[in-house]
Amino acid sequence: GAVVSQHPSRVICKSGTSVKIECRSLDFQATTMFWYRQFPKQSLMLMATSNEGSKATYEQGVEKDKFLINHASLTLSTLTVTSAHPEDSSFYICSARDFWGQRTDTQYFGPGTRLTVL
Amino acid sequence: GIQVEQSPPDLILQEGANSTLRCNFSDSVNNLQWFHQNPWGQLINLFYIPSGTKQNGRLSATTVATERYSLLYISSSQTTDSGVYFCAVERGDNRLAFGKGNQVVVIP
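From first to last, the protein sequence lines are chains A and B.
Using the numbering used here, the letters of the first sequence correspond one by one to residues 32 to 149.
Using the numbering used here, the letters of the second sequence correspond one by one to residues 11 to 118.
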């Protein structure tokens, strides 16, 4: 149980285009999902917290107009990188909290999406 | 914000050896999790352990919340244990703060 999927797993795009990444909780409902960014050989940095049916909360320094987050249902959150530039190239990882699970504080992570902007 | 420090940053082990990874945190926490990130980037939940001791096979973890540290023990290490181990903590605001990780390489 507690499986989180991401799609796509890898994407290469041209500078200036927008890229959408999906995060789904497959076997549980998640009122809260999180988006992280990880640069090579570094730790995970929280970008934003996504709550179903409400606006996302962004961490300091994260541009909300650049990284659009939508959490339309209890099993799906999307991150759209708008007008992507090479410096946006990174590994993006989502996580979801198992709302109904016995351990409601546990976060489960997706497999990540590697974005390369040319 | 809360600070999370992991040590050692890098560790090379001979297969079959035991090891201990440490996570220190700067404030009281509601949640502490240990993860293993495999070479493909997937974070695998190892333990949810805000306090106490847990064991799962060759892995075990202990968190002493009053002293603000957690330990992850790997016994009889195998090459599949290679990867980065992350400790992450949360203070009750839903936001996990990650340490910089322990890079573990197990040599056959």
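Just so you know, even glycine gets a beta-carbon here, dropped at the ideal spot from N, CA and C.
{"Item": "Among A79(A), K97(A), S74(A), N101(A), nearest to S85(A) - alpha-carbon criterion", "Value": "N101(A)"}
{"Item": "Span separating the alpha-carbon of S85(B) from that of T113(A)", "Value": "46 Å"}
{"Item": "Contacts of K64(B) in chain A (Cβ-Cβ under 7 Å)", "Value": "Per Cβ cutoff of 7 Å: no residues; K64(B) is ~12 Å from chain A at best."}
{"Item": "Three-way DSSP call (helix, strand, coil) for E77(B) in this model", "Value": "helix"}
{"Item": "For E83(A), three-class secondary structure by DSSP", "Value": "coil"}
{"Item": "Assigned secondary structure, T62(A) (DSSP; H/G/I helix, E/B strand, else coil)", "Value": "coil"}
{"Item": "Classification of W50(B) by the beta-carbon crowding that lies within 10 angstroms, buried from 16 upward", "Value": "exposed"}
{"Item": "T147(A) beta carbon less than 7 Å from that of I43(A)", "Value": "yes"}
{"Item": "C-beta contact flag for F59(A) and A33(A) at 7 Å", "Value": "yes"}
{"Item": "Span of the beta strand (DSSP E), counted from its first residue to its last, around W44(B)", "Value": "41-47"}
{"Item": "Stretch pair the segment 106-117 of chain B + the segment 74-81 of chain B: three plus CB contacts closer than 8 Å", "Value": "no"}
{"Item": "Exposure label - D37(B); buried when at least 16 CB within 10 Å", "Value": "exposed"}
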